[in-house]
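Enquirer:
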Amino acid sequence: MNKDLAELMETNLAYVWNERDSYIRFKSIAAIYSEQCLLHLGHQVSGYTAINKSLQKILGSIPTSFNFFQLGQTETNSNIGRLLWGLGPDINNIVATGMDIAVFENGKIKSLYVFLD
6 MNKDLAELME
16 TNLAYVWNER
26 DSYIRFKSIA
36 AIYSEQCLLH
46 LGHQVSGYTA
56 INKSLQKILG
66 SIPTSFNFFQ
76 LGQTETNSNI
86 GRLLWGLGPD
96 INNIVATGMD
106 IAVFENGKIK
116 SLYVFLD
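Going by the working numbering, the first residue of the sequence shown is number 6, and it counts up by one from there.
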């Protein structure tokens with residue numbers, strides 16, 4: 006397992022998906038994702054600005070008291086990673102779960118596929 010890529014996925018969950026301030030989130034997206042990044046959420050968006058706008062809509066529909074929590078260990082294999090997550094007011098009261106699959110290129114996320122259970 007590539008520890009650096011696993012940490013990148015965990016940083017994405019903490020500083021992109023859990024960040025409500027769009028300016029701060031944009032800076033995190035630019036640090037974590039490649040310039041030609043793609044985000045697949047049932048729809049596809051490309052680029053930092055489009056990803057940030059898509060996340061703003063998603064986070065705006067979630068209660069502000071909710072956060073994303075990592076569930077289990079992040080796994081990587083070559084240039085692909087998997088992270089299981091839960092959403093809720095705290096780790097003991099998860100109301101939704103899902104999985105992120107990331108494709109990495111040059112130490113950044115090139116594509117992120119988000120699955121909701």
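The beta carbon of each residue, even a glycine, is placed where N, CA and C say it ideally should be.
Leaving aside the five residues before and after A36 along the sequence, list all residues of the same chain whose C-beta is less than 7 Å from its C-beta, in chain order.
Expert: Closer than 7 Å at the Cβ level, and outside the excluded window around A36, lies no residue.
Enquirer: Using the Cβ count rule (16 or more neighbours within 10 Å means buried), how would you classify S116?
Expert: buried
Enquirer: Does DSSP put I114 in a helix, in a strand, or in coil?
Expert: I114 sits in a strand when the DSSP states are folded into three classes.
Enquirer: By DSSP's criteria, G47 is part of a beta bridge. Which residues make up the other side?
Expert: None, per the DSSP bridge assignment.
Enquirer: Under 8 Å, with one C-beta from each stretch per pair, do the stretch 89 to 103 and the stretch 68 to 80 reach the 3-pair mark?
Expert: yes
Enquirer: Can you check whether the CB of L46 is closer than 8 Å to the CB of V119?
Expert: yes
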